[in-house]
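Its first residue numbered 2, the sequence shown is counted upward by one per residue in the working numbering. The beta carbon of each residue, even a glycine, is placed where N, CA and C say it ideally should be.
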Amino acid sequence: MASPIIQFILDFVALVIVGIIVLIVPKLSNPPKVGFHCGDLSLHYPYKDSTIPTLVIGGICLLSPIFGMITVEWIKYSQGRRGRYLPQKLKIGKFTLHPLVIELGHLIGAFLFGAGCSQLATDVGKYSIGRLRPHFMDVCKPNLELLCPPGVSPTKYIEDFTCVEGDAYLLKNSRLSFPSGHASFSAYTMMYLAIYLQARMTWKGSKFLRPVFQAIALFLFWFTALSRVSDYKHHWSDVLAGAALGITIATLTALYVSHLFKFVPEDRLLTGDTKMDQLNGMRSAATSSEFSPMKSVIVDNIL
């Protein structure tokens with residue numbers, strides 16, 4: 002098994018690689034130039050600004066889970082409940098990382114890794130299919146009188162055409178309808194946050210506090226997804242596919258990368274001097290006639 006430092010370096014390198022790929026794919030790729038049917042009315046909607054701009058939804062969906070993880074883990078640690086890991090410190094050169102920093106690094110790193118994978122999967126779909134957005138005709142403005150004259154079959158497929166006018170960025174973006182990036186990203190981040198709260202927010206002071214936070218997260222995703230249809234940015238099937246993609250990757254990341262539901266029971270953690278004294282007492286008692294050798298082994302495993 003790799004040392005903690007080697008594991009940290011490998012995880013960091015993997016995260017950086019995913020981030021670089023996510024950044025360069027849109028810059029180096031172009032969607033295929035697919036055509037349209039003359040009778041396809043789903044492409045004739047007007048161009049509108051987004052109800053929720055990309056930077057706004059990106060900031061909210063990215064920072065909300067990170068803020069939530071920092072808050073929950075700090076509260077749990079300050080209360081003496083270390084969660085999934087036994088307290089340990091990691092030395093990197095002259096620096097010593099606090100156990101809380103190590104745990105947050107694992108949680109946030111896994112979350113960002115999943116976010117990168119979700120975005121990469123979304124971009125692969127966009128630049129592989131090149132589906133036209135509902136406002137494509139408003140942006141491209143092809144000469145429909147020439148391409149689709151009166152009396153032509155509505156099923157006639159037009160592939161060879163030229164956009165009369167339009168901004169280069171908008172023209173490229175108008176071919177990136179499937180799947181919805183807003184839907185996939187908001188679905189991933191908010192679903193991951195909901196799963197994280199289910200696994201780690203174990204405070205029993207209120208029965209409804211955790212569900213309220215989870216509902217807010219899921220409502221934000223739901224509103225974002227609906228706005229992409231009402232803004233004529235995507236077809237409903239684009240949003241559905243993006244949501245399914247984000248939810249799937251969030252679930253897989255939470256279960257198999259973050260391992261959110263695999264943790265050391267809190268009553269077995271070394272949470273302070275009192276707990277250590279109790280366990281030392283158990284070890285001493287294990288040598289007496291009241292304890293069998295098997296019980297002694299169990300106590301050693303706890304320690």
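Let me make sure I understand the geometry here. Which of the options has the alpha-carbon closest to that of residue i?
i, options, result
"residue 175", "135, 40, 200 and 201", "135"
"residue 45", "263, 133 and 19", "133"
"residue 230", "57, 129, 105 and 53", "53"
"residue 58", "161, 187 and 195", "187"
"residue 36", "7, 164 and 152", "164"
"residue 97", "6, 245 and 239", "6"
"residue 244", "8, 258, 257 and 224", "224"
"residue 316", "68, 95 and 101", "The question about residue 316 has no answer, for the chain in this structure spans 2 to 304."
"residue 40", "157, 95 and 218", "157"
Below 8 Å on the Cβ atoms is my guess for residue i versus residue j; work out the distance and round it to an integer in Å.
i, j, result
"residue 109", "residue 70", "6 Å"
"residue 177", "residue 23", "With a Cβ gap of about 15 Å, residue 177 and residue 23 do not count as contacting."
"residue 261", "residue 197", "6 Å"
"residue 168", "residue 27", "Actually they do not touch by this definition, with Cβ atoms about 16 Å apart."
"residue 155", "residue 38", "7 Å"
"residue 247", "residue 184", "7 Å"
"residue 172", "residue 141", "6 Å"
Based on the DSSP output, what are the partners of residue i in its beta bridges?
i, result
"residue 1", "The structure shown does not extend to residue 1, since the chain spans only 2 to 304, so no value can be given for it."
Can you give me the Cβ contacts of residue i inside the same chain, cut-off strictly under 8 Å, excluding the 5 residues immediately before and after it?
i, result
"residue 47", "136, 139 and 233"
"residue 61", "221"
"residue 118", "19, 250 and 254"
"residue 43", "135 and 236"
Spatial neighbours of residue i within its chain, please: C-beta separation below 7 Å, excluding the five flanking residues on both sides.
i, result
"residue 12", "110"
"residue 16", "110, 113 and 114"
"residue 193", "66, 112, 115, 251, 254 and 255"
"residue 73", "201 and 202"
For residue i, which residues in the same chain have their Cβ closer than 6 Å to its Cβ, ignoring the five residues on either side in sequence?
i, result
"residue 128", "30 and 32"
"residue 199", "none"
"residue 131", "32, 33, 35 and 176"
"residue 235", "178, 181 and 229"
"residue 149", "39"
"residue 218", "191, 194 and 195"
"residue 107", "none"
**Request:** Let me know the alpha helix (DSSP H) ranges lying completely inside the segment 149-211, each 4 residues or longer, listed in chain order.
**Result:** 169-174 and 182-201
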